[in-house]
Each structure stands twice: as C-alpha cells, then as structure tokens.
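As structure tokens, the structure follows; a few thoughts come after it.
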Amino acid sequence: TLSKMMDNSNSGEIAFPVTDENMEKMLANKMLKDFFDNMESDVKKSYKIASELHAMERIEGYFALGILYCFGIHIKMDVEKGTILLSKAFIQGYLPASYISAIVLGSAGNMQKSKYISLDLINKLAKVGYKPAIDALKESPDGIPEIINLSYEYLCKY
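So the sequence shown is residues 867 to 1024, counted in my numbering.
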C-alpha cells in the first residue's frame, strides 16, 4: 500500500492518500461510468464490465449486474437474483443500489404494501440527501414517484 499523499494543490482538489483500496475504488468508478456509457450502444460491453466488477467483489459490480438482472438487459430477467445482488450493495451502504432496490420493490406486482415500503425507502434516501430520491419525490404530485410506476409498466412487459 502506498502511503504518500497526492499533491493536487495546483488543481484545487483535495489531496487523498494513494492506497491500493483507493486505486481499486477509482478503477471501479471508471468501470461503472463505462458500464452506463455503453448501456445503449453496446450492451454486451456493459454486461462484460458488470461481470468484471462482480468478479472483483465490488459493490459497483453487485449494483450493475443487479440492474441487468432486474430489468432483463442482455440477460434473462431474474428480479429475485437482481434484487439479491442489489441488496449486497445496499447493505454496504451504496445509495444508488438502495434507490434502484426501492424502484424495483415498488414495481413488484400491484401490491400496495410494496409501494409503501418502496416509498418509505425513497423518503429515507431523500432525508440523507440522495438527490435522485429528492427529485423523484418533488416530481410526484400523488406521493408515489413516477419512476415506480414506469418501472412497474416496464417489468409487466416481460
């Protein structure tokens, strides 16, 4: 593990210790960005990236592969497996996974209980300042974020 500090004083960025863990996190974040950048143009590449992140046992991998399974993107839809993967990231405090889990949960059948549990989770995420959750709540005149209804409609197609 490297212990020196990066000198970013000229860039205006905060210096952080260069460690193996930080380098792996930076690589995982870059890979996750590539995952999303390729979702529409090259789904096979996105799947490969998600699989590589998952093999590294990174929360970003659980998140990315969970999305692919939940929505059946490039692989057979398996909401249960996708939710398990998202939960692994969720449990480790990865807020985007919590948000996607809330959306998937809220669209699981037409059960009112699922929608309330989902809404509760989105409200909790908004309270800790997670911007997508805040935005979803602002845009919902009836109290149920539209993303939940859209996700339900998407999942019902398959």
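Heads up, the beta-carbon is just placed ideally off N, CA and C, and yes, glycines get one too.
Here the structure is a predicted model, which means the values were calculated and not measured.
**OP:** Quick one: give me the first and last residue of the alpha helix (DSSP H) that Val994 is part of.
**Re:** Where Val994 is concerned, there is no enclosing alpha helix (DSSP H), given that its DSSP letter is neither H nor E.
Subject >> His940 in three-state terms, based on DSSP >> reply: Here His940 sits in coil by DSSP.
Original post:
Can you list, in chain order, the residues of its chain whose CB lies under 6 Å from that of Ile925, leaving out five sequence neighbours each side?
Top reply: Answer for Ile925: Ala955, Gln958, Tyr960, listed in chain order.
**OP:** Give the DSSP-derived three-state secondary structure of Asp908 in the structure shown.
**Re:** Correct three-state label for Asp908: coil.
Original post:
Between Ala1098 and Asp903, what straight-line distance do the alpha-carbon atoms span, to the nearest angstrom?
Top reply: Nothing in the structure corresponds to residue 1098, since the chain is present only between 867 and 1024.
**OP:** Could you name the residues of the same chain whose beta carbon sits closer than 7 Å to that of Val909, not counting the 5 residues immediately before and after it, in chain order?
**Re:** Ile939, His940.
Original post:
Can you tell me the Cα-Cα spacing of Tyr928 and Tyr935, whole angstroms?
Top reply: One C-alpha to the other measures close to 10 Å.
Original post:
How many angstroms separate the CA atom of Leu985 from the CA atom of Ile969?
Top reply: The straight-line gap separating the alpha-carbon atoms of Leu985 and Ile969 is approximately 9 Å.
**OP:** Apply the 10 Å Cβ neighbour rule to Ser964 and answer buried if 16 or more other Cβ atoms are within range, or exposed otherwise.
**Re:** Ser964 comes out buried.
Original post:
Using a Cβ-Cβ cut-off of 7 Å (strictly less than) and excluding sequence neighbours within five positions of Asn876, which residues of its own chain qualify?
Top reply: A caution first: Asn876 carries a pLDDT of 44, below 50, which makes its placement in the model unreliable, though a value can still be read off. Sequence-distant partners of Asn876 (beyond 5 residues in either direction) whose C-beta falls short of 7 Å from its own C-beta are missing from its chain.
Subject >> C-beta contact flag for Ala916 and Phe901 at 8 Å >> reply: Result yes, Cβ atoms of Ala916 and Phe901 sit closer than 8 Å.
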